[in-house]
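Note sheet for the following structure.
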Amino acid sequence: MKWLATLLVVAGVAVAAPVVVYLLSLESPHVSDDLAKLQNTVVIPSGVTSARWEIYGTPEYTGGAPAPTDYFTLIAELQPALAPASTSAGAQQDNIAVTREAARPWLSDGFRALMEQNRNARLHLAAHKNCRAYQTTMRTSGRRVQGFLCTDAGRTLLYLDVS
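Taking the numbering used here, the leading residue of the sequence shown gets 1458, the next gets one more, and so forth.
This is how it looks when you write it as structure tokens:
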């Protein structure tokens, strides 16, 4: 997208600074290691000491003319692994929809494979002994959101539909 701002300037079209910032923000993923920011975004299980996380839209913008985003997903890899306790109160125990973009490149191999195998489908939680339905709250709005937690190799995957 930097090329678009450069092209507009070279062509003699004035580009306002906010437009350039917006264009640049579209080209880079918003992966964060900021645990405090995650905790200020959504209520997460206690005991987490580190996290890598991202909120992405579906469909994901990959260039060209932007289209409407149907919904947003928060995906996080947390450490240490959380005990695979029972399903959180109020969480649905049936299948959870996994977006086609869920296999994020920064996820550890086991979680990326799980997301790839279930992309654009429903994750059958009963078939995965280390996964469970999970419901929590968005910090700012207080809105309830649902998804799942899975544990593997000392880590926990948190997947939430936050739209």
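Glycine included, C-beta positions come from ideal geometry on N, C-alpha and C.
Apart from sequence neighbours up to five positions away, the residues of its chain that approach Leu-1531 with a beta-carbon distance below 7 Å are Val-1499, Trp-1510, Ile-1512, Leu-1617 and Val-1619, ordered along the chain. Counting the other Cβ atoms within 10 Å of the Cβ of Ala-1559 gives 16 or more, which makes it buried. Asp-1609 and Thr-1526 have their alpha carbons spaced roughly 31 Å apart. Comparing alpha-carbon positions, the option among Tyr-1528, Pro-1516, Leu-1535 and Ile-1501 lying closest to Asp-1490 turns out to be Leu-1535.
Scanning the stretch 1548–1597 from its first residue to its last, the whole alpha helix (DSSP H) runs of 4-plus residues come out as 1566–1574. Of the other Cβ atoms in all chains shown, 16 or more fall within 10 Å of the Cβ of Ala-1590; this residue is therefore buried. The beta-bridge partner set that DSSP reports for Gly-1504 is empty.
In the assembly as shown, Asn-1575 is a buried residue. Its beta-carbon has 16 or more other beta-carbons within 10 Å. Remark: C-beta atoms of Thr-1515 and Arg-1557 approach each other more closely than 9 Å. By alpha-carbon distance to Phe-1529, the top candidate from Arg-1612, Gln-1603 and Cys-1607 is Gln-1603.
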